[in-house]
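Take a look at the structure set out below.
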Amino acid sequence: AAAAGGDGWLRGRGWRDGEWQEAPTAAALDAITRERPCALWARDTHSLWLNTRALELAGGDLDTPGGVVERDPAGAPSGVLRETAAWRFRDRFLVPREGELLEATREGIKAANARGVAAIHDKDGGAGAAAIFQWLRERDALPLRVWQSVPHDRLGDLVDLGIRSGLGDDFLRLGYLKVFLDGTLGSRTAAMLDGTGVTITSGDELGEIVAGAARAGWPVAVHAIGDRANRDALNAFERTRELWHGLGLRHRVEHAQCLAPEDVPRFARLGVACSVQFSHAPADRDLAEEAWPDRLDGAYAYRSLWESGALVVNGSDAPVEELDPLAGIRAAVLRTLDGRPAWRPEESLTVEQALVASTVNAAWLTGDERRRGRLLPGFLADLVVLDRDPLAIPPEELEAVSVVATMVGGRWVHNPPPWD
Numbered sequence: 049a050a051a052a053g054g055d056g057w058l059r060g061r062g063w064r065d066g067e068w069q070e071a072p073t074a075a076a077l078d079a080i081t082r083e084r085p086c087a088l089w090a091r092d093t094h095s096l097w098l099n100t101r102a103l104e105l106a107g108g109d110l111d112t113p114g115g116v117v118e119r120d121p122a123g124a125p126s127g128v129l130r131e132t133a134a135w136r137f138r139d140r141f142l143v144p145r146e147g148e149l150l151e152a153t154r155e156g157i158k159a160a161n162a163r164g165v166a167a168i169h170d171k172d173g174g175a176g177a178a179a180i181f182q183w184l185r186e187r188d189a190l191p192l193r194v195w196q197s198v199p200h201d202r203l204g205d206l207v208d209l210g211i212r213s214g215l216g217d218d219f220l221r222l223g224y225l226k227v228f229l230d231g232t233l234g235s236r237t238a239a240m241l242d243g244t245g246v247t248i249t250s251g252d253e254l255g256e257i258v259a260g261a262a263r264a265g266w267p268v269a270v271h272a273i274g275d276r277a278n279r280d281a282l283n284a285f286e287r288t289r290e291l292w293h294g295l296g297l298r299h300r301v302e303h304a305q306c307l308a309p310e311d312v313p314r315f316a317r318l319g320v321a322c323s324v325q326f327s328h329a330p331a332d333r334d335l336a337e338e339a340w341p342d343r344l345d346g347a348y349a350y351r352s353l354w355e356s357g358a359l360v361v362n363g364s365d366a367p368v369e370e371l372d373p374l375a376g377i378r379a380a381v382l383r384t385l386d387g388r389p390a391w392r393p394e395e396s397l398t399v400e401q402a403l404v405a406s407t408v409n410a411a412w413l414t415g416d417e418r419r420r421g422r423l424l425p426g427f428l429a430d431l432v433v434l435d436r437d438p439l440a441i442p443p444e445e446l447e448a449v450s451v452v453a454t455m456v457g458g459r460w461v462h463n464p465p466p467w468d
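Written as structure tokens, this is what we have:
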């Protein structure tokens, strides 16, 4: 940090509470950042670690509903903000410089194409990605398809403008509302049935949001990590089902990392998709065993969900995990990514199931099951060329599979032929 030079913000990300012997504090950052303000995002982007100079900029205005301001024994902010407190600080002080977001988006799309990504469901939470995607699309420079989220608190604006889900074209569409119910495992803020965790949106509030969204023609994606948050989400969808069932609205619970076993069958019964990230299981195994030792029967329960009839969809949650579909498929099948024995292998999926979750089912969530997600006549020409058939090799050889080229809309967007 001291060698970085300049006097502006020092920014970074990637730390996790469970990997530190001592709690992160402003004083620890002060020792290396001197007078420059410093903000470091946790890996899950639900916690923000600040030094003293950064805290001073807020002038003591840190508390907000649904947020956590960690404090020292004297009651002073210790340097860590969680959930809405962290996001509010971001919106006030960490706005990207002009051109910075565009440059980062271009580089991110290039990396995504190289890993075989042809479409994403974006959840930037109003950070400005939609405007960047639109700017690129207007210049025919958006080489992947985007199903764009809208923060749920903007529904009133959408209603006033008469905008319904699906506005856009084949490459960029407004798709769904995003709601946060709780925090995360990594930040120790997941809402649990034992009363621990942070509630950002209550179950009753979610019911009102889903009802309003149904009247306006919008599906809802609900972030839920802990078993209480997931139950609150399912209860809200169940209470409002008469309003949205039959309208073609494809709701989802995002993450569903820890479920009470009795809640597993409810996804299929209600017709609510389970949008998970296979890579989370091996990445979170140590934290989950520490935080949820008596709840592992319902944690990252992908096979149980699949066999219950739930529509299981796989994503990445990038940048929390790498935007790498092949890594996600390996995680689903092998339940390990670091050479250790499989973690809870009874919840593994087959290669074919993992592929379907990453392609066919993801297309279904956007209403595109009749034109994307499969290689069929008349479907959009989105495809990925691999160096070998993942269905024809032993699972332990999946790590050797690599992307040769990617096509989106009939155009090669990564490594056009000829190939060696």
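Convert by adding 48 to the 1-based position in the sequence shown; the result is the number in this note's numbering. Think of the CB as a built atom: it goes at the ideal place given N, C-alpha and C, for glycine as much as any other residue. Small disclaimer: the values here were computed from a predicted structure and weren't measured.
Check                                                                                                                                                       : Outcome
Smallest Cα separation from residue 415: which of 195, 67, 69, 120?                                                                                         : 195
Quick one: what does DSSP say residue 255 is sitting in, helix, strand or coil?                                                                             : helix
Would you please state the rounded distance, in angstroms, between the beta carbons of residue 134 and residue 96? I believe it to be under 8 Å.            : 4 Å
For residue 238 and residue 229, I'd like the C-alpha separation in whole angstroms.                                                                        : 9 Å
Count the other CB atoms within 10 Å of the CB of residue 77; is the residue buried (16 or more) or exposed (fewer)?                                        : buried
Rounded to whole angstroms, what's the CA-CA distance from residue 182 to residue 220? Just pull it up for me.                                              : 7 Å
Where does residue 50 land, buried or exposed, given buried means 16+ other C-beta within 10 angstroms?                                                     : Unreliable positioning characterises residue 50 in this predicted model, as indicated by a pLDDT of 49, which lies under 50. The coordinate reading is nonetheless provided below. It counts as exposed.
Please state the DSSP three-state secondary structure of residue 100.                                                                                       : helix
Per DSSP, what kind of secondary structure is residue 355 in: helix, strand or coil?                                                                        : helix
Let me know the secondary structure DSSP gives residue 378 once reduced to three states.                                                                    : helix
Can you round the beta-carbon distance between residue 376 and residue 325 to whole angstroms, since I take them to be within the 8 Å contact cut?          : 7 Å
Does the contact criterion of 3 or more C-beta pairs under 8 Å hold for the region 339-349 versus the region 284-302?                                       : no
For the beta strand (DSSP E) that residue 89 lies in, which residues bound it at each end?                                                                  : 86-90
State the Cα-Cα distance for the pair residue 323 and residue 278, rounded to the nearest angstrom.                                                         : 12 Å
Who are the near neighbours of residue 314 in its chain, counting only those whose CB is closer than 7 Å to its CB and skipping five residues on each side? : 282
Roughly how many angstroms lie between the CA atoms of residue 161 and residue 201, to the nearest whole one?                                               : 32 Å
Would residue 247 be called buried (16 or more neighbouring beta carbons within 10 Å of its own) or exposed?                                                : buried
Which complete beta strand (DSSP E) runs does the region 265-329 hold, if anything under 3 residues is left out?                                            : 268-272, 300-303, 321-324
Less than 7 Å between C-beta atoms, sequence neighbours within five positions excluded: which residues of the same chain meet that for residue 335?         : 66, 233, 234
Can you list the beta strand (DSSP E) stretches of 3 or more residues lying completely in the region 176-234, in chain order?                               : 193-199, 220-228
Closest to residue 399 by CA distance: which of 412, 374, 110, 421 is it?                                                                                   : 374
Closest to residue 434 by C-alpha separation, out of 165, 114, 137, would be which residue?                                                                 : 165
Under 8 Å, do residue 74 and residue 99 count as touching if we go by C-beta distance?                                                                      : yes
When the distance is taken between beta carbons, is residue 123 closer than 8 Å to residue 136?                                                             : no
In this structure, does DSSP put residue 247 in helix, strand or coil?                                                                                      : strand
Is it true that the CB of residue 131 sits closer than 8 Å to the CB of residue 231?                                                                        : yes
Decide yes or no for the touch test of the region 447-463 against the region 152-161: beta carbon pairs closer than 8 Å, at least 3 of them.                : yes
Would you decide whether residue 89 is buried or exposed? Buried here means 16 or more other CB atoms lie within 10 Å of its CB.                            : buried
Give the C-beta separation of residue 168 and residue 191 to the nearest angstrom, bearing in mind that I take them to be a contact with Cβ-Cβ under 8 Å.   : Contact flag wrong, Cβ pair sits at about 11 Å.
Is residue 351 buried or exposed, if buried means 16 or more other CB atoms sit within 10 Å of its CB?                                                      : buried
What separation, rounded to the nearest whole angstrom, lies between the Cα atoms of residue 110 and residue 127?                                           : 11 Å
Nearest-angstrom Cα distance between residue 316 and residue 61?                                                                                            : 37 Å
With burial defined as no fewer than 16 other Cβ atoms inside 10 Å of the residue's Cβ, what is the status of residue 477: buried or exposed?               : Because residue 477 is not part of the residues shown, which for the chain are 49 to 468, the question remains open.
How would you write the range of the beta strand (DSSP E) that residue 364 sits in, first residue to last?                                                  : Unbroken run through residue 364: none, as it is neither H nor E.
DSSP state of residue 61, grouped into three classes?                                                                                                       : strand
Which one of 249, 271, 275 has the shortest CA to CA distance from residue 241?                                                                             : 275
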